[in-house]
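Trainee:
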Amino acid sequence: MKKLFSIMAFALIAGIMLWAGDACATGDAWDVAFTKVTNTFQYSRRMIFIVGGFGLVVLAFWAIFGKLQWKWFAALCVGLAIVAIAGLIIDYVTTDGTQGGVSANQGGLVGGHTTNATSGS
Numbered sequence: 621m622k623k624l625f626s627i628m629a630f631a632l633i634a635g636i637m638l639w640a641g642d643a644c645a646t647g648d649a650w651d652v653a654f655t656k657v658t659n660t661f662q663y664s665r666r667m668i669f670i671v672g673g674f675g676l677v678v679l680a681f682w683a684i685f686g687k688l689q690w691k692w693f694a695a696l697c698v699g700l701a702i703v704a705i706a707g708l709i710i711d712y713v714t715t716d717g718t719q720g721g722v723s724a725n726q727g728g729l730v731g732g733h734t735t736n737a738t739s740g741s
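First residue of the sequence shown: 621, per the numbering used here; consecutive thereafter.
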């Protein structure tokens, strides 16, 4: 059974490596991976906040009826608030205010260089 599992795992990994043609064919594999990870994080974050909001409502009812301690409920609320604000704080610290959100080449950190577009004087 272990041998069959290891063969199937190897076949799965080899199949994924052969299937990843788009990222390897463009020559910009890191840029493609960065944009895909960024998009996945942004879209999954929204869903997690929606589920977390419903969870906080359920936990609030539990706290009201004595099934959950109020300090645990407060700790969960503060933790969710910190997670929600963390991305905004990082964006505020790393951007200069001229563009909003996360870009693929923010500040020249991802395989590029920054240029200042100034008009002639």
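Cβ coordinates follow ideal geometry from the N, Cα and C atoms, glycine included.
Which whole-angstrom value describes the C-beta separation of L696 and L708, a residue pair presumed to lie in contact below a C-beta threshold of 8 Å?
Mentor: That pair is no contact at about 20 Å.
Trainee: Taking 8 Å as the cut-off, decide whether the C-beta atoms of F693 and A683 are in contact.
Mentor: For F693 and A683, yes; Cβs fall inside 8 Å.
Trainee: Taking just the CA atoms, how far does L638 sit from I806?
Mentor: Nothing about residue 806 can be reported from this structure: the residues present for the chain run from 621 to 741 only.
Trainee: Specify the secondary structure class of D711 as computed by DSSP and reduced to three states.
Mentor: Here D711 sits in helix by DSSP.
Trainee: Please list the terminal residues of the continuous alpha helix (DSSP H) segment that includes G686.
Mentor: Taken as a continuous stretch (DSSP letters only), G686 belongs to no alpha helix (DSSP H), as it is neither H nor E.
Trainee: Report the residue from L632, G672, T655 whose alpha carbon sits nearest the alpha carbon of A704.
Mentor: Among L632, G672, T655, the Cα nearest to that of A704 belongs to G672.
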